[in-house]
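Asker:
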Amino acid sequence: MELNVSTASQGGNAVVTATGELDLYTAPRLQAALAGLLRGQVDRIVVDLSGVEFCDSTGMNVLLAAMKRLKEQGGTLELAAPRPAVRRILQVTGLDSVFTVSDAVPVLDPS
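Written as structure tokens, this is what we have:
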């Protein structure tokens, strides 16, 4: 399965939308997108997981590393709308208390 990643940013906010499976083979795509945003002037990144059907430990590690780096820069990384399978992984690993997880994806104002 593929992983498609797209980003949208406005001001200091960015939304990263991932769809497909996030695993050992596809995680570098998400890592590259997050790394690009971390080099910019972004204070807040929201990762839209509503289209992610599967996520393994490699995917979680990519998200954790990005959150740590952004926090060091004074910013925040949040996870939005994880599907039940991904939410379960977050709960089982205790990462639901590490990440800020919301049910809805914020909409960036295009104007």
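Counting in the UniProt record's numbering, the sequence shown runs from 1 upward without gaps. All C-beta atoms, glycine included, are put in the ideal place defined by N, C-alpha and C.
When the Cβ atoms of the region 19–26 are set against those of the region 48–60, are three or more pairs found closer than 8 Å?
Answerer: yes
Asker: Determine whether the beta carbon atoms of Q31 and V5 lie at a separation below 7 Å.
Answerer: Not in contact: Q31 and V5 (Cβ atoms no closer than 7 Å).
Asker: So with Cβ pairs under 7 Å, would you call S102 a contact of chain B?
Answerer: Here chain B cannot be found, since the structure has a single protein chain.
Asker: Just how far apart, CA to CA, sit L34 and A66?
Answerer: C-alpha separation (whole angstroms): 7 Å.
Asker: One question on the structure: do V15 and V46 come within less than 7 Å of each other, judged by their Cβ atoms?
Answerer: Contact: yes.
Asker: For the candidate residues Q10, G40, T17, T19, whose alpha-carbon lies nearest to that of G74?
Answerer: G40
Asker: Run through DSSP, which three-state label would D23 get?
Answerer: coil
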